[in-house]
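Colleague:
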Amino acid sequence: MAEKNIVIIGAGYAGVHAAKKLAKKYKRDDSVSITLIDRHSYHTMMTELHEVAAHRVEPSAIQFDLRKLFNRTKVKLITDNVTNVDHAAQTVTTEHGEFAYDYLILGMGGEANDFGTPGVKEHGFTLWSWEDAVRIRRHLEDVVKRASLERDPEKRRAMLTFTVCGSGFTGIEMIGELIEWKYRLAKENKLDEEEIELYVVEAAASILNMLDRKSADKAEKYLNKKGVKLLKNSPIVEVKEDAVVLKSGETLPTHTLIWTAGVKANSDTEDYGVPAARAGRLKVNEFMEAENLEHVYVVGDLAYYEEEEGKPTPQIVEAAEQTGVTAAKSIIAEIDNGQKEAFEGKYHGTMVSIGARYGVANLMGLRLSGWLANLMKHLVNLYYFFGIRSGYYMFHYIMHEFFQTKDKRNIFRDMITRYGNVLWSLPLRLFVGGFWLEEAASKIWGESVWSEVTSGSAGISRLFQGIGEDSWLTGNTVNMPFEWLQTTTSSASEAVEGGGTEWATPLLSKMPGIFEWFMQIMLPTPEVAIFMQKVMTFIELFIGLAIVFGLFTWLASAASAGFLVMFTLSAMLGWDQIWALPASIALMNGSGRSIGLDYWVVPWLQRKSGLLWYGKERAIYKDRE
Numbered sequence: 001m002a003e004k005n006i007v008i009i010g011a012g013y014a015g016v017h018a019a020k021k022l023a024k025k026y027k028r029d030d031s032v033s034i035t036l037i038d039r040h041s042y043h044t045m046m047t048e049l050h051e052v053a054a055h056r057v058e059p060s061a062i063q064f065d066l067r068k069l070f071n072r073t074k075v076k077l078i079t080d081n082v083t084n085v086d087h088a089a090q091t092v093t094t095e096h097g098e099f100a101y102d103y104l105i106l107g108m109g110g111e112a113n114d115f116g117t118p119g120v121k122e123h124g125f126t127l128w129s130w131e132d133a134v135r136i137r138r139h140l141e142d143v144v145k146r147a148s149l150e151r152d153p154e155k156r157r158a159m160l161t162f163t164v165c166g167s168g169f170t171g172i173e174m175i176g177e178l179i180e181w182k183y184r185l186a187k188e189n190k191l192d193e194e195e196i197e198l199y200v201v202e203a204a205a206s207i208l209n210m211l212d213r214k215s216a217d218k219a220e221k222y223l224n225k226k227g228v229k230l231l232k233n234s235p236i237v238e239v240k241e242d243a244v245v246l247k248s249g250e251t252l253p254t255h256t257l258i259w260t261a262g263v264k265a266n267s268d269t270e271d272y273g274v275p276a277a278r279a280g281r282l283k284v285n286e287f288m289e290a291e292n293l294e295h296v297y298v299v300g301d302l303a304y305y306e307e308e309e310g311k312p313t314p315q316i317v318e319a320a321e322q323t324g325v326t327a328a329k330s331i332i333a334e335i336d337n338g339q340k341e342a343f344e345g346k347y348h349g350t351m352v353s354i355g356a357r358y359g360v361a362n363l364m365g366l367r368l369s370g371w372l373a374n375l376m377k378h379l380v381n382l383y384y385f386f387g388i389r390s391g392y393y394m395f396h397y398i399m400h401e402f403f404q405t406k407d408k409r410n411i412f413r414d415m416i417t418r419y420g421n422v423l424w425s426l427p428l429r430l431f432v433g434g435f436w437l438e439e440a441a442s443k444i445w446g447e448s449v450w451s452e453v454t455s456g457s458a459g460i461s462r463l464f465q466g467i468g469e470d471s472w473l474t475g476n477t478v479n480m481p482f483e484w485l486q487t488t489t490s491s492a493s494e495a496v497e498g499g500g501t502e503w504a505t506p507l508l509s510k511m512p513g514i515f516e517w518f519m520q521i522m523l524p525t526p527e528v529a530i531f532m533q534k535v536m537t538f539i540e541l542f543i544g545l546a547i548v549f550g551l552f553t554w555l556a557s558a559a560s561a562g563f564l565v566m567f568t569l570s571a572m573l574g575w576d577q578i579w580a581l582p583a584s585i586a587l588m589n590g591s592g593r594s595i596g597l598d599y600w601v602v603p604w605l606q607r608k609s610g611l612l613w614y615g616k617e618r619a620i621y622k623d624r625e
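In UniProt numbering, the protein residues as written are 1 to 625.
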């Protein structure tokens with residue numbers, strides 16, 4: 001068989017899926033070569049650009065190196081800019097080379113469409129690439145920093161007004177991230193969070209028009225609750241450096257306009273000789289083959305195919321992936337003299353995340369909102385990595401989204417974040433807390449009762465039949481093995497006959513001399529010892545409960561370590577329990593912040609005590625005598 005050269009331009013969702021499909025099919029067929037050309041050496045997860053723009057994840061989190069995606073495949077990677085496509089000669093020319101093709105796939109995607117609105121290119125920010133996201137992020141950090149030192153109140157307000165134009169998926173997801181990021185922006189620049197104002201400007205009468213109205217209304221209600229100002233029926237007619245002008249004539253002062261109002265085909269394809277349709281998208285047939293051209297296929301956002309009259313394939317990830325696979329199957333059918341399969345869009349629904357903690361989704365008629373909607377979006381993203389066979393980036397996605405976020409910006413809040421590094425302390429916390437609860441229980445009920453309770457499930461009922469005679473809470477029995485207490489009476493029998501303390505526990509061992517001296521001061525008489533052993537029972541109970549439930553865990557763990565030292569040296573605990581000492585010290589790392597009450601209690605106390613003691617921080621102080 002003669003060699004067949006397949007060239008794919010664009011490493012977006014569609015291009016990657018097509019390349020993966022072809023590489024798998026012709027893995028062992030040396031007669032077929034596959035070349036993937038992109039201006040970048042990485043694939044960008046476009047659906048998560050807003051997370052980078054608003055500092056939820058680092059820029060590298062959505063940037064997937066092509067070598068890692070296509071490692072151990074026959075796909076040849078070329079990082080270059082395509083300058084020309086010659087259909088007659090069947091060649092692709094780049095800035096640094098030329099590539100002959102037998103089959104060509106165009107998958108360069110789209111770009112922002114400003115509809116010719118004056119000032120958007122000069123003063124606005126688009127969100128359609130990795131570079132766009134990083135540019136927005138840096139601008140927002142810079143403008144807030146400058147605003148914090150601005151003394152003119154009107155200019156300061158304009159600088160702290162962030163405006164998103166467009167209420168589609170991208171626009172609403174961007175504003176959702178800004179809702180959560182403004183807390184950190186304000187804190188780091190010593191501003192009041194309420195000074196940062198968020199606007200969504202939409203030309204239509206409603207937002208999220210690609211969703212069903214019930215889901216869209218939930219999203220709108222959430223945005224209103226979070227203080228986002230929605231300006232509907234408000235087309236932007238001009239963008240200035242410090243304001244946007246609406247069709248109504250109203251001017252909205254702002255130094256930040258993020259334009260997400262529309263998408264058009266990549267302008268690089270205008271000279272590729274393929275008939276174009278609406279928004280510059282290239283016309284294709286049901287096999288994704290370019291109109292009037294043979295062996296040339298168009299995929300992703302670039303392709304215009306009407307599944308129904310007047311309804312082209314949607315510009316969403318699922319459609320991009322499926323068009324890429326359809327084009328790959330068509331090429332395979334041509335090479336193998338098989339039957340081509342017509343494109344059939346199978347879309348499972350729509351999902352919009354409004355920040356890390358809230359979203360709305362409609363999955364095959366099932367409406368979800370809140371935490372569950374965002375969880376489903378994460379599962380869909382994980383399935384994407386499964387589809388492109390990248391366990392490496394699946395792992396990194398989990399780390400970036402769940403373990404390396406800050407300020408509660410994931411669906412689990414900060415319960416499992418790695419910055420606290422306390423999630424993995426949870427089993428140890430429960431174990432140490434359980435140790436103290438068992439110690440307390442054996443003293444409250446007494447060893448005789450507790451041994452029955454722990455002997456099996458049948459003994460649990462014994463807990464509800466009263467405490468035993470050897471309980472530390474009853475009688476005048478000294479259960480602590482302190483040698484010097486025996487010298488307070490002439491003998492044990494004298495103590496009983498004289499109505500004094502009864503000695504029930506035999507001497508276990510002699511403690512170190514200096515510790516014995518200290519304990520003689522703390523417990524000078526049997527009466528004090530009896531009182532303290534009852535108190536210690538409740539202290540052990542409180543330590544156990546505090547550690548298990550993660551409340552004031554640092555203090556409880558410190559107390560745990562201190563009492564373990566005291567009990568071990570006083571022979572109240574055997575040396576076989578010394579493991580709990582380093583375990584208690586390890587729990588002083590803030591372990592209650594993960595699935596514990598300290599997650600809420602400690603930050604609340606820190607905020608309230610800080611305000612009470614220091615007052616509120618300001619970027620500019622204006623104290624007067």
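We put the CB at the ideal spot given by N, CA and C, even for glycine.
Which partner residues of Ile105 appear in the DSSP bridge assignment?
Modeller: Here residue 105 refers to the residue found at position 105 when the sequence shown is read from its first residue. Paired residue(s): Ile8, Tyr297.
Colleague: Assuming the contact rule is C-beta atoms closer than 8 Å, Val299 and Ala320 should be a hit. Round their C-beta distance to whole Å, please.
Modeller: Working through the sequence shown from its first residue, we reach residue 299 at position 299. Working through the sequence shown from its first residue, we reach residue 320 at position 320. Confirmed, about 7 Å.
Colleague: Consult DSSP for Asn189 and reduce its assignment to one of helix, strand or coil.
Modeller: To locate residue 189, count along the sequence shown from 1; it is residue 189. It is coil, neither helix nor strand.
Colleague: What runs of the alpha helix (DSSP H), each 4 residues or longer, lie entirely inside the segment 95-182?
Modeller: DSSP runs (the alpha helix (DSSP H)) wholly in the segment 95-182: 120-123, 130-147, 153-159.
Colleague: What are the boundary residues of the alpha helix (DSSP H) that includes Val602?
Modeller: Working through the sequence shown from its first residue, we reach residue 602 at position 602. 598-614 is the extent of the alpha helix (DSSP H) around Val602.
Colleague: Can you check DSSP and say which residues form a bridge with Lys33?
Modeller: Taking the first residue of the sequence shown as 1, we reach residue 33 at position 33. Correcting the residue type first, residue 33 is Ser in the shown sequence and not Lys. Looking at the DSSP assignment, Ser33 forms a beta bridge with Asn5.
Colleague: According to DSSP, simplified to helix, strand and coil, what is Ala361?
Modeller: Taking the first residue of the sequence shown as 1, we reach residue 361 at position 361. Strand at Ala361.
Colleague: So the candidates are Leu569, Ser148, Tyr358; which of them puts its Cα closest to the Cα of Ala158?
Modeller: Here the question's residue 158 lines up with position 158 in the sequence shown. It is Ser148.
Colleague: Three-state secondary structure (DSSP) at Thr405?
Modeller: Position 405 of the sequence shown holds residue 405. Coil.
Colleague: Between which two residues does the beta strand (DSSP E) harbouring Pro253 extend?
Modeller: Here residue 253 refers to the residue found at position 253 of the sequence shown. Here the beta strand (DSSP E) through Pro253 covers 251-253.
Colleague: At the level of alpha carbons, what is the spacing between His295 and Glu344?
Modeller: One-based indexing of the sequence shown puts residue 295 at position 295. One-based indexing of the sequence shown puts residue 344 at position 344. So the two alpha carbons sit approximately 20 Å from each other.
Colleague: Touch check for the segment 24-33 and the segment 115-125: three-plus C-beta pairs under 8 Å?
Modeller: Contact fails: fewer than three Cβ-Cβ distances are below 8 Å.
Colleague: Could you name the residues of the same chain whose beta carbon sits closer than 6 Å to that of Pro59, not counting the 5 residues immediately before and after it, in chain order?
Modeller: The residue given as residue 59 occupies position 59 in the sequence shown. Excluding positions up to five away in sequence, the list reads Val52, Val134.
Colleague: State the DSSP-derived secondary structure class of Asp86, mapped to helix, strand or coil.
Modeller: The residue you call residue 86 lines up with position 86 of the sequence shown. Strand, per DSSP.
Colleague: Check whether the segment 578-597 and the segment 537-555 are in contact - that is, three or more C-beta pairs closer than 8 Å.
Modeller: Yes, the segment 578-597 touches the segment 537-555.
Colleague: With burial defined as no fewer than 16 other Cβ atoms inside 10 Å of the residue's Cβ, what is the status of Thr474: buried or exposed?
Modeller: The residue you call residue 474 lines up with position 474 of the sequence shown. With fewer than 16 other Cβ atoms within 10 Å, it is exposed.
Colleague: Please report the Cβ distance between Trp445 and Ile467, rounded to the nearest whole angstrom; I am assuming they are in contact, meaning their Cβ atoms lie under 8 Å.
Modeller: In the sequence shown, counting from the first residue as 1, residue 445 sits at position 445. In the sequence shown, counting from the first residue as 1, residue 467 sits at position 467. With 8 Å as the limit, Trp445 and Ile467 qualify as a contact, their Cβ atoms being about 5 Å apart.
Colleague: Quick one: residues in its chain with C-beta nearer than 8 Å to the C-beta of Val263, no 5 flanking neighbours on either side, listed in chain order?
Modeller: What you label residue 263 is simply residue 263 of the sequence shown in a count that begins at 1. Cβ neighbours of Val263 beyond the five flanking positions: Gly110, Glu111, Ala112, Asn113, Trp128, Ala279, Asp301, Gln315.
Colleague: Tell me the DSSP bridge mates of Met351?
Modeller: By 1-based counting over the sequence shown, the position of residue 351 is 351. Answer is Ala361.
Colleague: Near Tyr393, what residues of its chain come up, given a Cβ to Cβ distance below 8 Å and the 5 sequence neighbours on each side ignored?
Modeller: Walking along the sequence shown from the start, residue 393 turns up at place 393. For Tyr393, where only same-chain residues beyond five positions count, the Cβ hits under 8 Å are Phe64, Lys68, Leu69, Phe385.
Colleague: Could you check whether Trp181 and His55 sit closer than 7 Å to each other, using their CB atoms as the reference points?
Modeller: Taking the sequence shown and counting its residues from 1, one reaches residue 55 at position 55. Taking the sequence shown and counting its residues from 1, one reaches residue 181 at position 181. In this structure, Trp181 lies closer than 7 Å to His55 by Cβ.
Colleague: I'd like to know whether the C-beta atoms of Ser206 and Val360 end up nearer to each other than 7 Å.
Modeller: As a working note, residue 206 is residue 206 in the sequence shown. As a working note, residue 360 is residue 360 in the sequence shown. No, Cβ-Cβ distance for Ser206 and Val360 is not below 7 Å.
Colleague: When the Cβ atoms of the segment 230-248 are set against those of the segment 196-204, are three or more pairs found closer than 8 Å?
Modeller: Yes: at least three Cβ pairs fall under 8 Å.
Colleague: For the alpha helix (DSSP H) holding Ala290, just list the boundary residues, first then last.
Modeller: Along the sequence shown, read from residue 1 onward, the residue named residue 290 stands at position 290. Ala290 -> no alpha helix (DSSP H), and no H or E assigned at all.
Colleague: Who pairs with Val449 in a beta bridge, going by DSSP?
Modeller: Stepping through the sequence shown from its first residue, residue 449 is reached at position 449. In DSSP, Val449 forms no bridge with anything.
Colleague: Quick check on the DSSP output: the beta strand (DSSP E) that includes Val244 runs from which residue to which?
Modeller: Position 244 of the sequence shown, counted from the first residue, corresponds to residue 244. Run containing Val244: 243-246, per the beta strand (DSSP E) assignment.
Colleague: Compare the beta carbon distance of Glu95 and Asn84 with 7 Å and say whether it is the shorter of the two.
Modeller: As a working mapping, residue 95 is identified with position 95 in the sequence shown. As a working mapping, residue 84 is identified with position 84 in the sequence shown. Contact flag unset, no.
Colleague: With DSSP as the reference, identify every bridge partner of Ser369, one or two as the case may be.
Modeller: As a first step, residue 369 is located in the sequence shown; it is residue number 369 there, counting from the start. DSSP output for Ser369 lists Val360 as bridge partner(s).
Colleague: Quick one: measure Cβ to Cβ for His396 and Val57, integer angstroms, because I've assumed they're closer than 8 Å.
Modeller: Along the sequence shown, read from residue 1 onward, the residue named residue 396 stands at position 396. Along the sequence shown, read from residue 1 onward, the residue named residue 57 stands at position 57. Between Val57 and His396 the Cβ distance is about 10 Å, and since that is not below 8 Å, they are no contact.
Colleague: Using the rule of at least 16 other Cβ atoms within 10 Å of the residue's Cβ for burial, across every protein chain shown, is Glu617 buried or exposed?
Modeller: What you label residue 617 is simply residue 617 of the sequence shown in a count that begins at 1. So Glu617 counts as exposed.
Colleague: For a test of the three-state rule: what should DSSP assign to Glu194, helix, strand or coil?
Modeller: Your numbering for residue 194 matches position 194 in the sequence shown. Helix.
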